[in-house]
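Asker: Chains as they are written, first to last, in this note's numbering: chain A, 33 to 134; chain B, 1429 to 1566.
1) With H, G and I counted as helix, E and B as strand and the rest as coil, what does DSSP make of residue 1435(B)?
2) Looking only at DSSP bridge pairs, what is residue 1565(B) linked to?
3) Considering residue 90(A), what are the terminal residues of the beta strand (DSSP E) in which it resides?
4) Residues in the same chain with beta-carbon distance under 8 Å from residue 44(A), minus the five sequence neighbours each way, listed in chain order, please.
5) How big is the Cα-Cα spacing for residue 57(A) and residue 1489(B)?
6) Considering Cα atoms alone, identify which of 1458(B), 1562(B), 1444(B) is closest to residue 124(A).
7) Thinking residue 1512(B) and residue 1460(B) are a contact (beta carbons under 8 Å), I'd like their distance in whole angstroms, please.
8) Out of 116(A), 52(A), 96(A), which has the shortest C-alpha to C-alpha gap to residue 85(A)?
9) When the distance is taken between beta carbons, is residue 1509(B) closer than 8 Å to residue 1470(B)?
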């Protein structure tokens, strides 16, 4: 009965990621897409939050959006899983509802 | 209301202040569509979305339509659950008295005017999201 939360804005520009992470329930999934992926880079201001939040929820990034922005897979915060478009579709199908943050 | 076996719980999440973008007005349009299809409709106001409910909005000086009165009419469309996040209000220096008094007439019980606005904290808002079938964000 969990929720997939999608976030598509850079956390350096908008509050969508922070607000999303404050509203996730235990067992939810969070997927960073488009500009939101820039927050998932190791050393980013949001890296610690993304690490800590993994106790409550699964966190994913959309790999093609990382690659497009020149961020290497190995540079992503530990524990954050990479997803391709097919994986994105599977996640939407598995979760009960989708909640978009932008 | 007639029997509706396709009735789902819809939550409309509002996170943007009005007038700076089209989100708030579009949300209202879609809320009314949901209500017209006899869905179980609730609204959530988080972050800058709480500004949509401010009392005393006056758009004369910006040449835009003031749609704030529409929120007060939602009760007539059986939209009676407007959840406002306490933390979002306090972060902006606001309290419930800064918002429009939004009520509905309870024709199932005593025909009294009852409040549609419900102040909830962030943890409760998390549970409200998890309790809906469909979540639409604006």
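Think of the CB as a built atom: it goes at the ideal place given N, C-alpha and C, for glycine as much as any other residue.
Answerer: The structure says:
1) Taking the second chain and counting its residues from 1, one reaches residue 1435(B) at position 7. Of the three classes helix, strand and coil, the one that applies to residue 1435(B) here is coil, per DSSP.
2) As a position in the second chain, residue 1565(B) is number 137, starting the count at 1. 1441(B), per the DSSP bridge assignment.
3) Numbered from 1 along the first chain, position 58 holds the residue referred to as residue 90(A). Counted as a single uninterrupted DSSP element, the beta strand (DSSP E) harbouring residue 90(A) occupies residues 90–94.
4) To locate residue 44(A), count along the first chain from 1; it is residue 12. Apart from the 5 residues on each side of it in sequence, residue 44(A) sits with its Cβ closer than 8 Å to the Cβ of 70, 71, 77 in its chain, given in chain order.
5) In the first chain, residue 57(A) corresponds to position 25, counting from 1. In the second chain, residue 1489(B) corresponds to position 61, counting from 1. Straight-line spacing of the CA atoms in residue 57(A) and residue 1489(B) works out to 42 Å.
6) Counting from one through the first chain, the residue named residue 124(A) turns up at place 92. Residue 1562(B) is the option with its Cα nearest to residue 124(A).
7) One-based indexing of the second chain puts residue 1512(B) at position 84. One-based indexing of the second chain puts residue 1460(B) at position 32. Going by Cβ atoms, the distance from residue 1512(B) to residue 1460(B) rounds to 20 Å, so no, they are not a contact pair.
8) Here residue 85(A) refers to the residue found at position 53 when the first chain is read from its first residue. Looking at the Cα atoms, 52(A) is the closest of the given residues.
9) By 1-based counting over the second chain, the position of residue 1470(B) is 42. By 1-based counting over the second chain, the position of residue 1509(B) is 81. It is a contact, given that the beta carbons lie within the stated cut-off.
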